[in-house]
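In the UniProt record's numbering, the protein residues as written are 1 to 194.
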């Protein structure tokens, strides 16, 4: 299931109900891998999901867009829970431009040597990418988690990567829709940011 978070921004992520360990931390409530498709003049995908969920992820995208028409694939973070299907999207659409930080490019190619032939656009702090009526502004968040991490704004929407989140599997998309018990902690879902 996809969710339109705001007009033109569709959540295309995957919920991992079964995972119980993440980076050696107990995650008793599972994990949500966030990905967003922005429908604008230049179709843009922000992040992907863990490659174990490739078939489900690709199926979701195909239900709402032609993958071959995705022009930009933004990789906010090269870790596999965000970028596990970057190579899958590239293999289906070799014309896609992968947008990431300079260190993320190196890591993405290290994880997926086939991406060495891909078209990359590296961005730095305050770089802007116009995708039609909207523009994306990038903010580097080195060492927030990994040295290549970044976030991105589209107007007043923040695509937050690993900021403001919880390790939590749920069909809810906003934190204020949850009733929390004492077990939820960590980084994953969104807080009225995307």
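Beta carbons: idealized from backbone N, C-alpha and C, even for Gly.
* **First through last residue of the alpha helix (DSSP H) which encompasses residue 102** => 102 to 111
* **Boundaries of the alpha helix (DSSP H) in which residue 89 is found, first to last residue** => 86 to 92
* Asked: Mind checking residue 143: buried by the 16 CB within 10 Å criterion, or exposed?
  -> exposed
* To do: Please report how far the alpha carbon of residue 87 lies from the alpha carbon of residue 114, in whole angstroms.
  => 7 Å
* Asked: For residue 67, does the three-state DSSP call read helix, strand or coil?
  -> helix
* Is residue 95 buried or exposed, if buried means 16 or more other CB atoms sit within 10 Å of its CB? -> exposed
* To do: Could you spell out where the beta strand (DSSP E) holding residue 16 opens and where it closes?
  => 14 to 16
* Residue environment, residue 82, which counts as buried when at least 16 other CB atoms sit within 10 Å -> buried
* the segment 31 to 44 in contact with the segment 123 to 136 per 3-pair CB rule at 8 Å -> yes
* If you draw a straight line from the alpha carbon of residue 192 to that of residue 70, how long is it in whole angstroms? -> Its pLDDT being 40, under 50, residue 192 is placed unreliably in this model, and the value from its coordinates should be taken loosely. Distance between the alpha carbons of residue 192 and residue 70 is about 25 Å.
* What number of angstroms, rounded off, separates the C-alpha of residue 160 from the C-alpha of residue 151? -> 5 Å
* To do: Could you work out which residue in 125, 34, 17 and 29 is closest to residue 213 when comparing CA atoms only?
  => A query on residue 213 cannot be resolved here, the shown segment of the chain reaching from 1 to 194 and no further.
* Just grab the DSSP bridge partners of residue 98 for me. => 73 and 120
* Asked: So what's residue 78 in DSSP terms, helix, strand or just coil?
  -> coil
* Distance between beta carbons of residue 74 and residue 92, contact taken as under 8 Å -> That pair is no contact at about 17 Å.
* Could you round the C-beta distance between residue 80 and residue 50 to whole angstroms and report it? I think they count as a contact, below 8 Å. => 6 Å
* Asked: Mind checking residue 32: buried by the 16 CB within 10 Å criterion, or exposed?
  -> buried
* Given that a residue counts as buried once 16 or more other Cβ atoms are within 10 Å of its Cβ, and exposed if not, what is residue 155? -> exposed
* Kindly indicate which residue of 102, 110, 117 and 108 has the alpha-carbon position closest to the one of residue 139. => 102
* Please check the pair residue 124 and residue 84, which I expect to be a contact at CB under 8 Å, by giving their CB distance rounded to whole angstroms. => Between residue 84 and residue 124 the Cβ distance is about 25 Å, and since that is not below 8 Å, they are no contact.
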